[in-house]
Structures are given as structure tokens and as C-alpha cells.
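Enquirer: Here it is, the structure, as C-alpha cells.
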Amino acid sequence: MEPLGFLEIIGRVLYQFTSVWLALIILFASSIAYKRKLGLYGKLFDSPIGMVGFGLVMFWVFTGIFSQFDLIVTHDSLSQVSGMKNKIPGTPLRGAEDGDYGWYLLGGDNLARDIFSRMVDGSWVVVQIAPLATLFAFMVGITLGLPAGYFGGKLDTIISFMANLILAFPVILLFYLLVTPEIVATGVPNFMATVLFIFPIIFAGVLINSRYHTQPAFRTPLMIGVLGVMLWIYLSLISTNGFLVENKDYSIPALPEILDLFDVSGGILVVFVSVVFVNSPTVFRIVRGLAMDIKTRDYVAAAQTRGEGSWYIMLWEILPNARGPLIVDFCLRIGYTTILLGTLGFFGLGLPPESPDWGSTINDGRKLLSIYPHPALPPALALLSLVLGLNLLADGLREESLKD
Amino acid sequence: MGLFILRRSGVMIITAICLTFIVFFLTNLYPNLEKLAKTQGNFRMSDEAVTSWLDSRGYTQPIFVKYGQWLGVVPGWQFENDKGEITGRCFKGKKTPEEAAAEAGLCGIIQGHWGQSTVFKNEVGTIVGARLSRTGALMFWVLILMIPSALIVGVLAGMREGSKTDRTLSTFSILTTATPEYVSGVILITVFASSAVGLKWFKGTATAAAKNMPDGYGWAFMPDWMVGFWYRVAEAPTFENFFLPVLTISMFGMGYIARMTRASMAEVMTAQYIRTARLKGVKFKDIVMKHALRNALIAPFTVIMLQIPWLLNGVVIVETLFNFKGFGWALVQAAGNNDIELLLGISVVSVVVVLITQLISDIGYVYLNPRIRIS
């Protein structure tokens, strides 16, 4: 078979993404048709910048999801094909059999793996971790930031001091200290996970209780239901093979294996924890600032006069009114989390070295960058476009939410 | 004001102590010490050999005692082996009991003793100093490139909000904030330095820019440290080997400062006194230069100062990518090899940089903005 020309490569790459294009068209057509009924999300489609950003983000979200169903990739992202080492884009596959895709569309990397498939599979790592980690960071930041801003005083001083302490660390030093195999063996990340992941449960519990504590007949079953499910997920999340921490010196038992819903592999859990840990203090500072600003408003004074509890005021009066800036920051922060994940991969921390995530792929490719630039470029551009999309989306949302 | 600075300095010292203790704690966890022993000794050491190796170097003492020794508030450890020779924290090599007794005492960072680096086999103070001067030169050029271009982009975009210039420049600044250093570095190297497809204008490594000052370099009329700084900033780096790393770091920070400048400029341009000036018929150029600019630059000042610690991150990535053997490169080496005392030295320096820039930004903000006074 002949090597592919430049236009042929582009054509074939675009064709591989057919399922993503279809999904994007359906999503955009239905959203634009009903945009007046969809609130802030609908208004996004009035701003061209917001639409471009949303399109870019959804492109990678769909790519990540569909890559799990093998709709896009041309080869297995981990298998090596002899003779394809560092081959340039469009090289025909050596020794292709029936049913194999005939070319390496974006070339082969240093270990003779298909770059295109690795880039596509790498999007799943980001789509899986970044939004969820950001959500957890928001839970921690909100649960600590609201009382700090609302009550002020000693509580505020102590929590703020701790937040500033984490912020004064150079992020990379922190990653190197937390995400090494030796530290993982001591179980420090597992303890941090145990502490950090409990915040969503506290948040949900306080949220429900502050709203329905006057109707115990309704509240108690609801609380038991919601908290029970969350607690189960929490215990499944932090325990692996029936243990919280298991190494040669000591082990702490947790949920028995029969009840364990799912196992998160060690590498991903550590990466997840460290990203949440780095993001939470900034969210805390934003929420604290917003709470300090909003607590002087009249509707808060009205609620205080009505005799509402402090937690009710924080969660049902202040928080909904802070949603604008928080949603915008949420988008920006997913982008920042993506950058952090890339940084971890770039230094070869956390995820296994053969993992197709973009940071690790850039790290593999950079060593031969001046001779073979093609392995490092696709993941770099992919990461750039996703973060750019999130930034544009945040900009569009900010513009639209300022209008009313 | 004096009280404010005093209180902030107090908080600074407490923060630095807490932070270094966290670093100390994490690096002194047993698996880390075991790894250190095996990389320094040999990889096939038995568990007993590891323990005795750690014992003879004072690593198995309680953590607070070790931390106190590092800080210089607890006398340094001494260890006597079976031959009666004594090794200790405060001196190099082996000594007899009488000599060792004379050397006993406090030796920590308070006394100016930063300890030994296990990776580079040298004094931590020397290493950090040498590395800092290289990275200082890098930062110098980054600030020279980044601040003026960010301010110009921001002012041009913000002076006519919503215009075509504004749209273009704002998109450009969003693009740069979305490009982390390891992405822009890869793209820039491919375009400008790669031997396969690139323009070959610049070099893809900055190793040459970090070379040491040759002997006999200098002038009689300048003190040594000035000559050293001049050499690092102007002589060793050339446009060819230094422009790409400088550009890579500057780009990521630039977009953020430009956006802040744009927002503050746009806000100033809607103020009453600008409208009055326009109605009086003052030329647009004069309004921007004489009336708006000064007030619009207050907010970016804070942002620039707070951006400096963030540059430190960029420095680590760029120094790794371009193989420039500076402070960030030393951090990666120290962290990768669990070089405890070097890591602590590096954390102290970076924490001090972070806290001092915060302090300067607070004080500067008060001076620049007459509406805020600290009572």
C-alpha cells in the first residue's frame, strides 16, 4: 500500500470521527431548537464564543466516551507493531492482515504504537478524571468556604491559614512528594482520600437537614436513603481488596470485598486525590469571598430575622446567589485540572508509563522532539484545544450570565 | 503600617515552619528513607543493612528531634561506630571522640548550615545559590518580555471595549492562558528548532545558556557578584539558545495579566472623569496616556506580583523540557532521588519567594490605591 498524502490523512482522520460529528450535530440542533426553554444553558447558544467553546469541549467528551466503544480508534493503543517505530504520519502498516486498519494515520511513536489511537484513548482519561476531581474540589471548597466566610472569626483564620499553606507550595514539589510509589506504599494518599471524599457526604447531609429539619417524617427517610447510598459509594471508593491501606507493616480493614462496588486502580486514585487537594484551597478562597460579600445583602438579613438557621442561610440563600461566578469558575477549573493532569503525566508521576493520557504521551515524545516531532504534537494540540474550549465556554457563560 | 508588616512577617515565619515540617515529614517516611539508603548504598542491601546505614546517619531518630536539628535548635547528632570513630551532622568525615566533642553543638539553617545534598555530593547552600543565579537570569528575561507585552496587549484591548482589536487580542490572551508550558514548548520547538520540519531558527535546548563563568572573566571596576550576574544574564545566554525557553514561560503568564489589565482598563474608560475629558475635547491618545493608564495599572500590579510564584512552576517544566540546569531542574532531581536536605532548601527558597511577593503585592496595593488604608 502507498503512504498517504497530507489531504488524505486529514480526510481519513475526519472520517474516523464520524460518530462524534453525528453526536455533535444532534446535540447542537436540538439545543438550538429548544434554546429558549433551557435557561442559562440555552442562552449559551446566543454567544458565538460560547458555542465554539462548548463545541470543542463536547467534541472531546464524545471522543472520550465513544473511544470506549471502539468507534474511533484504528489500532489498539498499547500494542506495538514491529517496523513502525517513529514512522511519519500516513505510513502503511507493515504486515497488515485482513481486518487491520491499513495505515498509522498520525504515525508511530518511539515504541511503535499508533499515535492517533493513543491520542483518542487519552481523551478518556481526562474526561473521566477532570470533571469529577473538580466537582470534589468544589464540594470541599464550598463546605469549608461558606462557614469561613459567613461566621468569620477564629474559624476563618484557621481554615484560611491552612488554605494559604497549601497554596504556598509549588505545585510540582507537592506532586513529587505525594505521587511517588514510596509514598503510595505508606498509605498517605489513602488517608487523604478518606478525609477529602467525606466532604460531599457532609455537604449532602447538611443540605438536606437544613432544608427539611422541620418535617422529620420526610427528612429522616430521605437522609437515610441519600446518605446510605453515598456512604456505600464512599466506602467502595476508598477500599481496595477489603482494606483501606495494606502494606507489609500494617493494614487497616475497610469494606469487605463482597460489598465493594468497584475498585479504583491505585494510580488513578492517587492522581485524583492530589488534583483535588491542589484545587480545593483556591475554590475555598473564591467561595469564602463570595460568602463574605453576599452575607451583607438584605435577603440574608431577612432570613436571619425570620429565624432561619445559619446552615439554611448559607446553603439555601447564599449559595444559590453565588452560582453565576461558581459555574464560570467550574469551567475554568476543569481546564486547569486538565493542565495539572498533563503536568503529572509530563513528569511521569502517578499513572502507569504506558498509559495513553496526553501528558505521558508528550513526555514520551519530548525526548526525540527535534528529530521526530510528530509523536508529541497530536496530544499537545488535543490538550490545547480542550483547555481552550473550556476557557471559551467559561467566557461565553460569563458574558451571558452578566446580561440579566 | 509597621505593625502590619510585623504581623505579616510573623505569619510568614509560621507558614515557612509548617511547610518545611510537612516536606520533612513526607521525605522522612520509612519507605522514602529505605529508597534513599538503597540508592546511596547499594540496591541489594538487606533490611538490617538498611537500618544500620540509616542509624549511622542519624535518620532513625524521632522526627521532631531531626527537624529540630535541621532547624538548629537541637544539638546535631553524633554516632559512634564499633571502632570508636565518630560521625556527626556538624562535621564531615570521621573524628576521634575528643575532636567530636569540640565540634558538638547546634548546626541548622539558623546557624547557616543547610546540610549536604546526597545527589550532587555538595553543600546545599552552594547548590541552591548557583542554581538560583541561573534561574534568576531566566526569570529576568521572562519578566522583561512578559510584563510590557502583557500590559500593551491589555491596554490596547481595554481602551476600546468591544472593538475588533479588543476581540482579536482577547482571543489571543485566552489562547495563551489555555496553553500550558509543556504544550507551547513542544509546539515552539517543533516550529522553530526541529531539524526535521522546523525553521531551525533557534536551538531546542538551553544547556549552553547555563554554562559556568570561565576563569579570569570580569572587570576590575565591578564587584564579583555583579560580574557573575552580568555573565548569567547577558553573556552565557544567546538569542539562539535562550529565546524559546523565555518565550515559553512568558506566554502562559502573559494571557492572564493581559486579561486583568484589559478588565481594569475597560472599567477605568467608563469612569466619569474620562467622559468629562472626552467631552472637553481632549485627544483620545492623551486620555489614554495621561488619564486612564495610571489608574488602570493598579490592579495588574497585584496580579503580576502574585504571578511570580506561578512562574516557578513554569520554570520547572521549561528547565526540564529545555534541559537548562537551574533551580527547577534541581528540584526535579532532588525530588526524584529523595534528596531530603536539598528538597528542604528548595522549599525554603520557594516558600520565601511566594510569601515575599504576597507581602509586596499587599503593600504596593495600599500605596498605589489611595482608597485603601491600613489603620
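Heads up: the protein sequence lines correspond to chains A and B, in order. For the first sequence, my numbering assigns the number 600 to the initial residue and increments by one for each residue that follows. For the second sequence, my numbering assigns the number 2 to the initial residue and increments by one for each residue that follows. Where is the CB? At the ideal position from N, CA and C, for every residue including glycine.
Got a sec: is the Cβ-Cβ distance from residue 39 of chain B to anything in chain A below 8 Å?
Expert: Taking Cβ atoms only, chain A never reaches closer than 8 Å to residue 39 of chain B, which makes this a no.
Enquirer: Apart from the five residues on each side of it in sequence, which residues of its chain come closer than 8 Å, Cβ to Cβ, to residue 280 of chain B?
Expert: If we look at residue 280 of chain B and ignore the five residues flanking it on each side, it has no Cβ neighbours.
Enquirer: Nearest to residue 915 of chain A by alpha carbon, out of A/805, A/868, A/824, A/999?
Expert: Of A/805, A/868, A/824, A/999, the residue nearest in Cα terms is A/805.
Enquirer: Are residue 646 of chain A and residue 934 of chain A touching if we call contact CB-CB under 8 Å?
Expert: Not in contact: residue 646 of chain A and residue 934 of chain A (Cβ atoms no closer than 8 Å).
Enquirer: Give a yes or no on whether the minimum CB-CB distance between residue 274 of chain B and chain A is below 8 Å.
Expert: No, residue 274 of chain B lies away from the interface with chain A (no Cβ there is under 8 Å from its Cβ).
Enquirer: In chain order, what residues of the same chain lie with their CB nearer than 6 Å to the CB of residue 741 of chain A, ignoring the 5 residues before and after it?
Expert: Answer for residue 741 of chain A: 886, listed in chain order.
Enquirer: Hey, is residue 808 of chain A's beta-carbon within less than 8 Å of any beta-carbon in chain B?
Expert: So, not an interface residue.
Enquirer: Does any C-beta atom of chain B lie closer than 8 Å to the C-beta of residue 881 of chain A?
Expert: It does not; no Cβ of chain B falls within 8 Å.
Enquirer: At a Cβ threshold of 8 Å, is residue 178 of chain B touching chain A?
Expert: So yes, residue 178 of chain B belongs to the interface.
Enquirer: For my contact list, residue 771 of chain A and residue 617 of chain A are in at a C-beta cut-off of 8 Å; report their separation, rounded to the angstrom.
Expert: Not really, about 40 Å apart at Cβ, beyond 8 Å.
Enquirer: What does a CB cutoff of less than 8 Å around residue 25 of chain B pick up in its chain, not counting 5 residues either side in sequence?
Expert: The residues are 64, 67, 68, 71, 341, 345.
Enquirer: For residue 376 of chain B, count neighbouring Cβ atoms within 10 angstroms of its own Cβ and tell me buried if that reaches 16, exposed if not.
Expert: The predicted position of residue 376 of chain B is uncertain, since its pLDDT is 49 and thus under 50; a value taken from the coordinates is nonetheless stated next. The residue is exposed, with fewer than 16 neighbouring Cβ atoms inside 10 Å.
Enquirer: Any idea if residue 748 of chain A is buried or exposed, counting beta-carbon neighbours within 10 angstroms, 16 or more meaning buried?
Expert: Buried, since its Cβ has 16 or more Cβ neighbours within 10 Å.
Enquirer: Let me know the secondary structure DSSP gives residue 80 of chain B once reduced to three states.
Expert: Here residue 80 of chain B sits in strand by DSSP.
Enquirer: Would a check of beta-carbon distances place residue 616 of chain A closer than 8 Å to chain B?
Expert: No, because no Cβ of chain B sits closer than 8 Å to the Cβ of residue 616 of chain A.
Enquirer: Using three-state DSSP, classify residue 338 of chain B as helix, strand or coil.
Expert: Coil at residue 338 of chain B, not helix or strand.
Enquirer: Comparing alpha-carbon positions, which option in A/992, A/971, A/1002 lies nearest residue 688 of chain A?
Expert: Residue 688 of chain A has its Cα closest to that of A/971, out of A/992, A/971, A/1002.
Enquirer: On the DSSP letters alone, give me the boundaries of the alpha helix (DSSP H) that residue 174 of chain B sits inside.
Expert: First-last of the alpha helix (DSSP H) with residue 174 of chain B: 165 to 178.
Enquirer: Give me the chain B residues within the contact set of residue 979 of chain A, using Cβ-Cβ distance strictly less than 8 Å, ordered along the chain.
Expert: Going along chain B in sequence order, the residues near residue 979 of chain A (Cβ under 8 Å) are 183, 184, 187, 188.
Enquirer: Could you have a look at residue 123 of chain B and say whether DSSP puts it in helix, strand or coil?
Expert: Looking at residue 123 of chain B - three-state DSSP - the assignment turns out to be strand.
Enquirer: Assess, as a yes-or-no matter, whether the region 955 to 967 of chain A is touched by the region 182 to 189 of chain B under the definition of 3 or more beta carbon pairs within less than 8 Å.
Expert: Output reads yes: the region 955 to 967 of chain A touches the region 182 to 189 of chain B.
Enquirer: Are residue 778 of chain A and residue 629 of chain A touching if we call contact CB-CB under 8 Å?
Expert: No; because the gap between Cβ atoms is not below 8 Å, this pair is not in contact.
Enquirer: Does the Cβ of residue 167 of chain B lie closer than 7 Å to at least one heavy atom of the ligand NAD?
Expert: Among the ligands in the structure shown, none appear at all, so the ligand NAD cannot be discussed.
Enquirer: Does the structure place the region 9 to 17 of chain B close enough to the region 93 to 109 of chain B that three or more beta carbon pairs sit under 8 Å?
Expert: Judged by Cβ distances under 8 Å, the region 93 to 109 of chain B makes no contact with the region 9 to 17 of chain B, as fewer than three pairs qualify.
Enquirer: Tell me which residue opens and which closes the beta strand (DSSP E) that residue 89 of chain B is part of.
Expert: It spans 87 to 89 - the beta strand (DSSP E) in which residue 89 of chain B sits, taken as one unbroken run.
Enquirer: Can you find at least 3 beta carbon pairs, one from the region 349 to 356 of chain B and one from the region 784 to 791 of chain A, that sit closer than 8 Å?
Expert: These segments do not touch.
Enquirer: In or out: residue 953 of chain A buried (at least 16 other Cβ within 10 Å) or exposed?
Expert: Classification of residue 953 of chain A: exposed, given that the 10 Å Cβ count is below 16.
Enquirer: Check distances from the C-beta atoms of the region 325 to 341 of chain B to those of chain A and list, in chain order, the residues that come in under 9 Å.
Expert: From the region 325 to 341 of chain B, only 329, 332, 333, 335, 336, 337, 339 have a Cβ closer than 9 Å to chain A.
Enquirer: Say whether the region 289 to 307 of chain B touches the region 265 to 276 of chain B, bearing in mind that this needs 3 or more beta-carbon pairs closer than 8 Å, one atom from each stretch.
Expert: Result yes; three or more Cβ-Cβ pairs closer than 8 Å.
Enquirer: Ordered along the chain, which non-local residues of its own chain (more than five positions away) have a Cβ less than 6 Å from that of residue 991 of chain A?
Expert: These residues qualify, in order along the chain: 648, 651, 652.
Enquirer: Give a yes or no on whether the minimum CB-CB distance between residue 210 of chain B and chain A is below 8 Å.
Expert: Chain A contact via Cβ: absent.
Enquirer: Taking only runs of the alpha helix (DSSP H) that begin and end inside the region 956 to 981 of chain A, which ones reach a length of at least 4 residues, in chain order?
Expert: Runs found: 957 to 965.
Enquirer: Can residue 712 of chain A and residue 677 of chain A be called in contact, C-beta distance under 8 Å?
Expert: In contact: residue 712 of chain A and residue 677 of chain A (Cβ atoms closer than 8 Å).
Enquirer: Using 8 Å as the limit for Cβ to Cβ distance, is residue 61 of chain B near chain A?
Expert: No, its Cβ sits nowhere closer than 8 Å to a Cβ of chain A.
Enquirer: Taking a cut of 7 Å between CB atoms, which residues from the region 966 to 993 of chain A lie near chain B?
Expert: So the list reads 968, 969, 970, 971, 972, 975, 976, 979, 982, 983, 986, 987, 990, 991, given in the order they occur along the chain.
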